[in-house]
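Student:
There are 2 protein chains.
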Amino acid sequence: MKDLTIAKAAREADVGVETIRFYERRGLIEQPRKPQSSGFRVYSPELVKRIKFIRQAQQIGFSLHEIQELLSLRADPAADCSMVRSQAIAKLEEVKRKIEQLRQIGFALESLIAVCPGRGGLQACTILDTLEPDHGPPPPRIRADGPLPAIPPKRRRQNGKFGTDNRQQRRAT
Amino acid sequence: MKDLTIAKAAREADVGVETIRFYERRGLIEQPRKPQSSGFRVYSPELVKRIKFIRQAQQIGFSLHEIQELLSLRADPAADCSMVRSQAIAKLEEVKRKIEQLRQIGFALESLIAVCPGRGGLQACTILDTLEPDHGPPPPRIRADGPLPAIPPKRRRQNGKFGTDNRQQRRAT
DNA sequence: ATAGGGTCCGTACCCTAGTACGGAGTCAAG
DNA sequence: CTTGACTCCGTACTAGGGTACGGACCCTAT
Numbered sequence: 033m034k035d036l037t038i039a040k041a042a043r044e045a046d047v048g049v050e051t052i053r054f055y056e057r058r059g060l061i062e063q064p065r066k067p068q069s070s071g072f073r074v075y076s077p078e079l080v081k082r083i084k085f086i087r088q089a090q091q092i093g094f095s096l097h098e099i100q101e102l103l104s105l106r107a108d109p110a111a112d113c114s115m116v117r118s119q120a121i122a123k124l125e126e127v128k129r130k131i132e133q134l135r136q137i138g139f140a141l142e143s144l145i146a147v148c149p150g151r152g153g154l155q156a157c158t159i160l161d162t163l164e165p166d167h168g169p170p171p172p173r174i175r176a177d178g179p180l181p182a183i184p185p186k187r188r189r190q191n192g193k194f195g196t197d198n199r200q201q202r203r204a205t
Numbered sequence: 033m034k035d036l037t038i039a040k041a042a043r044e045a046d047v048g049v050e051t052i053r054f055y056e057r058r059g060l061i062e063q064p065r066k067p068q069s070s071g072f073r074v075y076s077p078e079l080v081k082r083i084k085f086i087r088q089a090q091q092i093g094f095s096l097h098e099i100q101e102l103l104s105l106r107a108d109p110a111a112d113c114s115m116v117r118s119q120a121i122a123k124l125e126e127v128k129r130k131i132e133q134l135r136q137i138g139f140a141l142e143s144l145i146a147v148c149p150g151r152g153g154l155q156a157c158t159i160l161d162t163l164e165p166d167h168g169p170p171p172p173r174i175r176a177d178g179p180l181p182a183i184p185p186k187r188r189r190q191n192g193k194f195g196t197d198n199r200q201q202r203r204a205t
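Chains as they are written, first to last, in this note's numbering: chain A, 33 to 205; chain B, 33 to 205.
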């Protein structure tokens, strides 16, 4: 595969042209210019791959900022490897948590589907029930293999008795 | 556990008070009023659970709109069961896709961690490589026809050759 | 009863992640 | 050369998801 113009790269990655330029401005992808040529951007297959990656990562709940972190996690001989490593470990934890949550939702959906065969009377059942961390997911016999990290406590407002004002905490979703 | 005021419910669910009111306005949770009492909102444990669910679902890439759909997917005797069923099946597909994508990222991170023992020379390795659909475990291909549910498809000009969209203007050299 | 924190509501504001637009330059085909 | 498709850049605008106020009302302990 050869290099593409921005419109073709966009079509290939299933995004808009403007989105690519936006990612570029945000520093998620490098400026793909060939200095001596027309000034038009040229996209290598790798770059297109990177754009696809960004999309995928977004779909599973990473923000562009986090994606940037993911992308910069590369075993660069010049980089401080121990830092890369610990960041990678942290991200991996996050990924595992997300997977576990998705699995819970999946269980809930499955049991909902099972109980709802196409018509007629059925018992009450909301997905909420399957998600509660307190009383585990015992539904179908699908082995739950992990102790369920149960969502790390981010930083949270905890002014004991509202000593001052509880309004100015920043969240980073 | 008994009912809580909004501030306590917020702390319990790890969100802001304003966020709860916001969800209420959006119709994600019902108005928890006791008509004859003070007018203050009161939150049952179930409601708090619901709020927690919303947060979790967001973290794994569902929009509030999708979460609303998920929440309304309940085996309600009054509901059209076949519709609930097919929606649940669709959501389940989506969940499985997300899990697969997360697994890919997880693999990538693991191999990055493995190759990066804490210091020193290491080979080049980006997460991108592990994510490529072409050489991994075959995730159900969803190219082309999947509207990529988690990201607002919005208006993407797909007009192959910009048939009618010519907003560019002739320049006189 | 009164003080101080809690709550109410509406509106305004903010950040993220794009999208749209305008005016102009570039490229390839005819 | 002329066209029409494509690109560039900068700026403005949007939608989604909250956050922040402000002014007023409510509750509980002292």
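For each residue, glycine too, the CB sits at the ideal point set by N, CA and C.
Go to B:PHE139, then tell me how far its alpha helix (DSSP H) extends in each direction, as first and last residue.
Tutor: Translated into positions along the second sequence, residue 139 of chain B becomes position 107. Counting along the chain, the alpha helix (DSSP H) containing B:PHE139 begins and ends at 113–147.
Student: What number of angstroms, rounded off, separates the C-alpha of A:LYS66 from the C-alpha of A:LEU102?
Tutor: Taking the first residue of the first sequence as position 1, residue 66 of chain A is located at position 34. Taking the first residue of the first sequence as position 1, residue 102 of chain A is located at position 70. Going by the C-alpha atoms only, they are around 27 Å apart.
Student: Using only alpha-carbon positions, find the residue among B:ALA140, B:ARG87 and B:SER104 that is nearest to B:GLY48.
Tutor: The sequence position of residue 48 of chain B within the second sequence is 16, counting from 1. For B:GLY48, the nearest C-alpha among the options comes from B:ARG87.
Student: In angstroms with no decimal places, state the Cα-to-Cα distance between B:ILE159 and B:PHE139.
Tutor: Here residue 159 of chain B corresponds to residue number 127 of the second sequence, with the count starting at 1. Here residue 139 of chain B corresponds to residue number 107 of the second sequence, with the count starting at 1. So the two alpha carbons sit approximately 9 Å from each other.
Student: Using beta carbons (cut-off 9 Å, strictly below), is B:VAL116 in contact with chain A?
Tutor: For the purposes of this step, residue 116 of chain B is identified with residue 84 of the second sequence, where counting begins at 1. So, interface residue.
Student: Is DSSP giving A:LEU102 helix, strand or coil here?
Tutor: Start at 1 with the first residue of the first sequence, and residue 102 of chain A comes out as number 70. Looking at A:LEU102 - three-state DSSP - the assignment turns out to be helix.
Student: Kindly give me the distance between the Cβ atoms of B:ARG135 and A:ILE131, rounded to whole angstroms, as I take these residues to be in contact under 8 Å.
Tutor: Position 103 of the second sequence, counting from 1, holds the residue named residue 135 of chain B. Position 99 of the first sequence, counting from 1, holds the residue named residue 131 of chain A. With a Cβ gap of about 7 Å, B:ARG135 and A:ILE131 count as contacting.
Student: Pull out every residue of the region 82–93 of chain A whose Cβ sits closer than 9 Å to any Cβ of chain B, in chain order.
Tutor: So the close ones are ARG82, LYS84, PHE85, ARG87, GLN88, ALA89, GLN90, GLN91, ILE92 and GLY93.
Student: Just mark A:PRO184 as buried or exposed, buried being the case when its beta carbon has 16 or more other beta carbons within 10 Å.
Tutor: Residue mapping note: residue 184 of chain A aligns to position 152 of the first sequence, counting from 1. Note on A:PRO184: pLDDT 33, under 50, position unreliable in the model; no value is reported.
Student: With C-beta atoms as the reference, is A:LEU79 less than 9 Å away from A:ALA41?
Tutor: Stepping through the first sequence from its first residue, residue 79 of chain A is reached at position 47. Stepping through the first sequence from its first residue, residue 41 of chain A is reached at position 9. Contact: yes.
Student: What does DSSP give as the partner residues of B:TYR55 in its beta bridges?
Tutor: On the second sequence, residue 55 of chain B is found 23 positions in, with the first residue counted as 1. According to DSSP, which records beta bridges pairwise, B:TYR55 is partnered with nothing at all.
Student: Does DSSP classify A:LEU36 as helix, strand or coil?
Tutor: On the first sequence, residue 36 of chain A is found 4 positions in, with the first residue counted as 1. Strand.
Student: For my contact list, B:ASP35 and B:VAL74 are in at a C-beta cut-off of 8 Å; report their separation, rounded to the angstrom.
Tutor: Reading the second sequence from its first residue, position 3 is the one you call residue 35 of chain B. Reading the second sequence from its first residue, position 42 is the one you call residue 74 of chain B. The Cβ separation is near 4 Å, so the contact holds.
Student: Comparing the C-beta of A:ARG58 with each C-beta of chain B, is any distance below 9 Å?
Tutor: As a working note, residue 58 of chain A is residue 26 in the first sequence. Output row for A:ARG58: interface = no.
Student: I want to see whether chain A comes within less than 9 Å of B:GLU98, judged by CB atoms only; does it?
Tutor: Counting from 1 along the second sequence, the entry for residue 98 of chain B is found at position 66. So no, B:GLU98 is outside the interface.
Student: Is it buried or exposed, A:SER143, if we count other Cβ atoms within 10 angstroms and call 16 or more buried?
Tutor: The count along the first sequence starts at 1 and reaches residue 143 of chain A at position 111. Classification for A:SER143: buried.
Student: May I have the straight-line CA-CA distance separating B:ILE38 from A:LYS84, to the nearest angstrom?
Tutor: Counted from its first residue, the second sequence places residue 38 of chain B at position 6. Counted from its first residue, the first sequence places residue 84 of chain A at position 52. Roughly 41 Å separates the two Cα atoms.
Student: Measuring CB to CB, does B:GLU217 end up less than 9 Å from B:ALA111?
Tutor: For residue 217 of chain B there is no data in the structure shown, the boundaries of chain B being 33 and 205.
Student: Can you tell me which residues form a DSSP beta bridge with B:ARG82?
Tutor: Within the second sequence, residue 82 of chain B is the residue found at index 50, counting from 1. Note: B:ARG82 sits in no beta bridge, so no partner.
Student: Looking at the C-beta of B:ILE52, does it have a partner C-beta in chain A at a distance below 9 Å?
Tutor: Locating residue 52 of chain B in the second sequence gives position 20, where the first residue counts as 1. No, B:ILE52 lies away from the interface with chain A (no Cβ there is under 9 Å from its Cβ).
Student: Taking 8 Å as the limit between beta carbons, can you name the residues of its chain near A:LEU141, skipping five residues before and five after?
Tutor: On the first sequence, position 109 is the one that residue 141 of chain A refers to. So the list reads ILE159, once near-sequence residues are dropped.
Student: Hey, would you say A:VAL116 sits closer than 9 Å to B:CYS148, going by beta carbons?
Tutor: On the first sequence, residue 116 of chain A is found 84 positions in, with the first residue counted as 1. On the second sequence, residue 148 of chain B is found 116 positions in, with the first residue counted as 1. Taking 9 Å as the Cβ cut-off, A:VAL116 and B:CYS148 qualify as a contacting pair.
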